[in-house]
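Protein chains: 2
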Amino acid sequence: MIAFNLLKIDNPAMTASLKSILTLTTLFFINACGADNSADSVWRELSLNNTVLLTLPHGKVVIELAPQFSPIHVAQFSQLTQQGFYDQTSFYRVIDGFVAQAGPKDGSKKDRSVPLLAMEAEWQTDKKWTYTSVQENDLFAEQTGFKDSFALGYQASNDGNTGKAWLTHCPGTVAMARNNEADSASSHFYFVIGQAPRYLDRIMTIFGRVVYGMQHIQAIQRTEVVKGDYAVDHRDFTKIVSMQLMSDVTKADQIHIEVENTESTNFADRLVKRRARDSAFFYKKPPPVLDVCQIPIRSRRVK
Amino acid sequence: MIAFNLLKIDNPAMTASLKSILTLTTLFFINACGADNSADSVWRELSLNNTVLLTLPHGKVVIELAPQFSPIHVAQFSQLTQQGFYDQTSFYRVIDGFVAQAGPKDGSKKDRSVPLLAMEAEWQTDKKWTYTSVQENDLFAEQTGFKDSFALGYQASNDGNTGKAWLTHCPGTVAMARNNEADSASSHFYFVIGQAPRYLDRIMTIFGRVVYGMQHIQAIQRTEVVKGDYAVDHRDFTKIVSMQLMSDVTKADQIHIEVENTESTNFADRLVKRRARDSAFFYKKPPPVLDVCQIPIRSRRVK
Numbered sequence: 001m002i003a004f005n006l007l008k009i010d011n012p013a014m015t016a017s018l019k020s021i022l023t024l025t026t027l028f029f030i031n032a033c034g035a036d037n038s039a040d041s042v043w044r045e046l047s048l049n050n051t052v053l054l055t056l057p058h059g060k061v062v063i064e065l066a067p068q069f070s071p072i073h074v075a076q077f078s079q080l081t082q083q084g085f086y087d088q089t090s091f092y093r094v095i096d097g098f099v100a101q102a103g104p105k106d107g108s109k110k111d112r113s114v115p116l117l118a119m120e121a122e123w124q125t126d127k128k129w130t131y132t133s134v135q136e137n138d139l140f141a142e143q144t145g146f147k148d149s150f151a152l153g154y155q156a157s158n159d160g161n162t163g164k165a166w167l168t169h170c171p172g173t174v175a176m177a178r179n180n181e182a183d184s185a186s187s188h189f190y191f192v193i194g195q196a197p198r199y200l201d202r203i204m205t206i207f208g209r210v211v212y213g214m215q216h217i218q219a220i221q222r223t224e225v226v227k228g229d230y231a232v233d234h235r236d237f238t239k240i241v242s243m244q245l246m247s248d249v250t251k252a253d254q255i256h257i258e259v260e261n262t263e264s265t266n267f268a269d270r271l272v273k274r275r276a277r278d279s280a281f282f283y284k285k286p287p288p289v290l291d292v293c294q295i296p297i298r299s300r301r302v303k
Numbered sequence: 001m002i003a004f005n006l007l008k009i010d011n012p013a014m015t016a017s018l019k020s021i022l023t024l025t026t027l028f029f030i031n032a033c034g035a036d037n038s039a040d041s042v043w044r045e046l047s048l049n050n051t052v053l054l055t056l057p058h059g060k061v062v063i064e065l066a067p068q069f070s071p072i073h074v075a076q077f078s079q080l081t082q083q084g085f086y087d088q089t090s091f092y093r094v095i096d097g098f099v100a101q102a103g104p105k106d107g108s109k110k111d112r113s114v115p116l117l118a119m120e121a122e123w124q125t126d127k128k129w130t131y132t133s134v135q136e137n138d139l140f141a142e143q144t145g146f147k148d149s150f151a152l153g154y155q156a157s158n159d160g161n162t163g164k165a166w167l168t169h170c171p172g173t174v175a176m177a178r179n180n181e182a183d184s185a186s187s188h189f190y191f192v193i194g195q196a197p198r199y200l201d202r203i204m205t206i207f208g209r210v211v212y213g214m215q216h217i218q219a220i221q222r223t224e225v226v227k228g229d230y231a232v233d234h235r236d237f238t239k240i241v242s243m244q245l246m247s248d249v250t251k252a253d254q255i256h257i258e259v260e261n262t263e264s265t266n267f268a269d270r271l272v273k274r275r276a277r278d279s280a281f282f283y284k285k286p287p288p289v290l291d292v293c294q295i296p297i298r299s300r301r302v303k
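Here you go:
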């Protein structure tokens, strides 16, 4: 049901049982996966098994899932998606500049039917683990960078060989909501729609990111208003028309996306240029630093 | 025509001629201005002379102008607004996660009719100058903070008594666009609609910020699409229905806004709490740092 990406092989966060599944399915999915992270490949094709089509009343959105970083969350989200669980649910908590959150009615039978998930907000890295570095001494992390087009934070251990890494809450990331307890996420999820709430890093599980149609996420009806303004009627909340794995969408309606390969030399060059700001527009140079959440990762539609 | 806020008195960026105007108008505007930045006042009422009503086809937006930081830009923008200059112009450069930019047709007679503006992107501070501090060693600035609800960066001079301060490009800020030359802005302006492009700080003049209806700015039609997608027809670009100084709007249609007084003890307390993250939700504490662009400044509608 879920295609495991080859990249997951060296992911130390993976549980033993998932590793077994992976061993069995790796060969089968080599082609379906379609990932090409070689240094000379500017673009990376997204697997249809690993891509979600979210249809909103006002537009279509494509999400890339991140099973290499949060396999259990992706597995559950994919399964619910295939069951049509999210169809007709509402974005019931939408705060401008912060998040757009959706899910079934709190405490309903449907809501309680879904198993709770163990946190997958960060993972241990070994000395073979690599990423594309962006910035040292970022306000929220010792190091920032990208892996597989996902923005991340990294903190080395004292031994210098191992460390901890985590996906970071940039605009467009998709994460699972939870109650106060760490391992209390189930089906409710949110998109980040404003300035990166990095204080949620490492305590919320990010499991995907928007790769197409982010403007439609930004147009979701806000549910919270400023004091003194008219409340928004819940009947006006934005509903999910449907949520489908792209591989389950009829061929004619599939949206095929490629994203910038952040492991490429091309991307590394782009980071160097972005930091240097050599264009004549910069008559005075900004500090030579990069906010990992302010580096747009390009997508292109190939079909 | 433009109400000068009392706070401007101690703004060293102000030109001599504007100071003269201020001296003449200060008494007159004491009441119209309505600012109350005393430490025990949680809210600050916005002057109708210093507030702009932007009517979009899909909603109403209120902008607070910042004459105390960029008087010349505010004067020109206000004058153009009162002339109906922006009515029916389009948001012709709208890039998701970055900016929504509007203005007259490039190179048109209307476009060329507007005087160029000298940059007002930063100002010198003296030792009496104060602000509400937020964070040291921010990625882009030695210090960050707020003054009059505007986010800013600050860098002390070697003498420790003086320094430079600048408004910073948080989501919702309004700034004047320009060509490559520093002093080439005239009438084209942009809203920041994504992760703060802080590399534009100090080289672009910010002159206001959205205090109401930001969700409508986020819903402006994007004009740039991903590669391989259908181009957006220019007839579908979002048009400005009207742009008016709030004081010129008929009473029944005025929107009166108060914003959080960032000079208040209440706000200082809120910063302490936000940094500490003491709620049970934070089962593991994030780093005790604050991104100045990720601190929502509350607004409320009072009429």
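For the record, the sequence lines run as chains A and B.
FYI, the working numbering numbers position 36 of the first sequence as 36, with every residue one higher than the one before it.
FYI, the working numbering numbers position 257 of the second sequence as 257, with every residue one higher than the one before it.
Glycine is no exception: its CB is placed at the ideal position from the N, C-alpha and C atoms.
Computed from a prediction, not measured in an experiment: that's the story for all the values here.
Does DSSP put I206/B in a helix, a strand or coil? Counting from 1 along the second sequence, the entry for residue 206/B is found at position 206. The three-state secondary structure of I206/B, taken from DSSP, is strand.
Kindly confirm or deny that the segment 111-128 of chain A and the segment 160-177 of chain A touch, where touching means at least three C-beta pairs closer than 8 Å. Contact holds: three or more Cβ-Cβ distances are below 8 Å.
Cα separation between D106/B and G59/B? Counted from its first residue, the second sequence places residue 106/B at position 106. Counted from its first residue, the second sequence places residue 59/B at position 59. One Cα belongs to D106/B, the other to G59/B, and the distance between them is close to 26 Å.
Chain A partners of L54/B, CB-CB under 7 Å? Taking the first residue of the second sequence as position 1, residue 54/B is located at position 54. Under the 7 Å cutoff, chain A gives no residues; its nearest Cβ is about 16 Å from L54/B.
Could you please give the first and the last residue of the uninterrupted alpha helix (DSSP H) stretch that includes M176/B? As a position in the second sequence, residue 176/B is number 176, starting the count at 1. Following the DSSP letters along the chain, one finds M176/B in no alpha helix (DSSP H) but inside the beta strand (DSSP E) bounded by residues 173-176.
On a Cα-Cα basis, can you pick out the residue from Q88/A, F98/A, S184/A that is closest to I297/B? Residue 297/B sits at position 297 when you count from the first residue of the second sequence. Comparing alpha carbon positions, the residue from Q88/A, F98/A, S184/A closest to I297/B is F98/A.
Is S299/A near V174/A, with beta carbons less than 9 Å apart? Locating residue 299/A in the first sequence gives position 299, where the first residue counts as 1. Locating residue 174/A in the first sequence gives position 174, where the first residue counts as 1. At least 9 Å separates the beta-carbon of S299/A from that of V174/A.
How long is the line joining the alpha carbons of F69/A and E260/A, rounded to whole angstroms? Taking the first sequence and counting its residues from 1, one reaches residue 69/A at position 69. Taking the first sequence and counting its residues from 1, one reaches residue 260/A at position 260. Approximately 18 Å between the Cα atoms of the pair.
Are the C-beta of I206/B and some C-beta of chain A separated by less than 9 Å? Looking up residue 206/B in the second sequence gives position 206. No, I206/B lies away from the interface with chain A (no Cβ there is under 9 Å from its Cβ).
Taking DSSP's pairing of strands, which residues face Q143/A in a bridge? Position 143 of the first sequence, counting from 1, holds the residue named residue 143/A. The partner list for Q143/A (beta bridge, DSSP) reads E136/A, Y154/A.
Can you give me the C-alpha to C-alpha distance between I2/B and S78/B, rounded to a whole angstrom? Within the second sequence, the letter at position 2 stands for residue 2/B. Within the second sequence, the letter at position 78 stands for residue 78/B. Since pLDDT at I2/B reaches only 32, below the 50 mark, its modelled position is unreliable, and no value is offered.
Can P71/A and F140/B be called in contact, C-beta distance under 9 Å? Indexing the first sequence from 1 puts residue 71/A at position 71. Indexing the second sequence from 1 puts residue 140/B at position 140. Cβ distance not < 9 Å, so P71/A and F140/B don't count as in contact.
Please state whether DSSP places F304/A in a helix, a strand or coil. There is simply no residue 304/A to check, as chain A begins at 1 and stops at 303 in what is shown.
G103/A burial status per 10 Å Cβ neighbour count (16 or more: buried): The count along the first sequence starts at 1 and reaches residue 103/A at position 103. Result: buried.
At least three beta-carbon pairs within less than 8 Å, the segment 226-233 of chain B to the segment 80-92 of chain B: Under the three-pair Cβ rule at 8 Å, the segment 226-233 of chain B does not count as touching the segment 80-92 of chain B.
Identify every residue that forms a DSSP beta bridge with K60/A. Translated into positions along the first sequence, residue 60/A becomes position 60. Partner residues in the beta bridge of K60/A, as assigned by DSSP, are T55/A.
Does the beta carbon of P57/A come closer than 9 Å to any beta carbon on chain B? Sequence index remark: in the first sequence, residue 57/A carries index 57 (1-based). False, the Cβ-Cβ gap to chain B never drops below 9 Å.
Please list, in chain order, all residues of the same chain as Q155/A whose beta carbon is under 6 Å from its beta carbon, the five residues on each side excluded. Taking the first sequence and counting its residues from 1, the one referred to as residue 155/A is at position 155. Once the five neighbours on either side are set aside, the close Cβ partners of Q155/A are E142, G163, K164.
How about I206/B and A66/B: are their beta carbons less than 9 Å apart? Counted from its first residue, the second sequence places residue 206/B at position 206. Counted from its first residue, the second sequence places residue 66/B at position 66. Closer than 9 Å, so yes.
Enclosing beta strand (DSSP E) for M243/A [first to last residue]: For the purposes of this step, residue 243/A is taken as the residue at position 243 of the first sequence. Residues 242-245.
Answer yes or no: does any C-beta atom of chain B fall closer than 9 Å to that of Y92/A? For this step, residue 92/A is matched to residue 92 along the first sequence. Using a Cβ-Cβ cut-off of 9 Å, Y92/A does not count as an interface residue toward chain B, since no Cβ of chain B sits closer than that to its own.
So what does A165/A bridge to, in DSSP terms? Position 165 of the first sequence, counting from 1, holds the residue named residue 165/A. A165/A pairs with W123/A, Y154/A.
Could one say the Cβ of A13/A lies closer than 9 Å to chain B's Cβ atoms, at least one of them? Numbered from its first residue, the first sequence carries residue 13/A at position 13. Its pLDDT being 38, under 50, A13/A is placed unreliably in this model, and the coordinates cannot settle the point.
Are the C-beta atoms of R209/B and some chain A residue less than 9 Å apart? In the second sequence, residue 209/B corresponds to position 209, counting from 1. Residue-level contact by beta carbon fails for R209/B and chain A, as no gap is shorter than 9 Å.
Any idea what DSSP makes of A276/A, helix, strand or coil? Against the first sequence, residue 276/A aligns to sequence position 276. Helix.
Distance between A276/A and F267/A (C-alpha atoms, nearest Å): Looking up residue 267/A in the first sequence gives position 267. Looking up residue 276/A in the first sequence gives position 276. The straight-line gap from Cα to Cα measures roughly 14 Å.
Chain-order list of residues whose beta-carbon lies under 6 Å from that of S133/B (same chain, five-residue window excluded): What you label residue 133/B is simply residue 133 of the second sequence in a count that begins at 1. Closer than 6 Å at the Cβ level, and outside the excluded window around S133/B, lie G145.
Among residues of its own chain, excluding the 5 on either side of A39/A, which ones have a beta-carbon nearer than 7 Å to its beta-carbon? Here the question's residue 39/A lines up with position 39 in the first sequence. The answer, listed in chain order, is E263, S264, T265.
From T223/B to I220/A, what distance separates their C-alpha atoms? Here residue 223/B refers to the residue found at position 223 of the second sequence. Here residue 220/A refers to the residue found at position 220 of the first sequence. Take the alpha-carbon of T223/B and the one of I220/A: they are about 18 Å apart.
List the residues of chain B that V226/A touches, going by C-beta distances under 7 Å, in chain order. Position 226 of the first sequence, counting from 1, holds the residue named residue 226/A. Y212, S299, R300, R301, listed in chain order.
Is any beta-carbon of chain E found at less than 9 Å from that of V289/A? Any reference to chain E falls outside this structure, whose protein chains are A and B.
I240/A versus T55/A - alpha carbon distance: Against the first sequence, residue 240/A aligns to sequence position 240. Against the first sequence, residue 55/A aligns to sequence position 55. Distance from the CA atom of I240/A to the CA atom of T55/A, rounded to whole angstroms, is 6 Å.
Ranges of the beta strand (DSSP E) found wholly within the segment 175-239 of chain B, counting only runs of at least 3: Segments of the beta strand (DSSP E) lying fully in the segment 175-239 of chain B: 189-192, 205-212.
If you measure from the beta carbon of Y199/B to each beta carbon in chain A, is any gap under 9 Å? Here residue 199/B corresponds to residue number 199 of the second sequence, with the count starting at 1. At least one chain A Cβ lies under 9 Å of Y199/B.
Spatial neighbours of S242/A within its chain, please: C-beta separation below 6 Å, excluding the five flanking residues on both sides. Residue numbering aside, residue 242/A sits at position 242 when the first sequence is read from its first letter. Within the same chain, S242/A has close Cβ partners T55, D87.
Within its chain, find whatever has a CB closer than 7 Å to the CB of R202/A; leave out the 5 residues flanking it on each side and keep chain order. In the first sequence, residue 202/A corresponds to position 202, counting from 1. In chain order, A121, E122, W166 place their CB closer than 7 Å to the CB of R202/A, counting only its own chain and leaving out the 5 sequence neighbours on each side.
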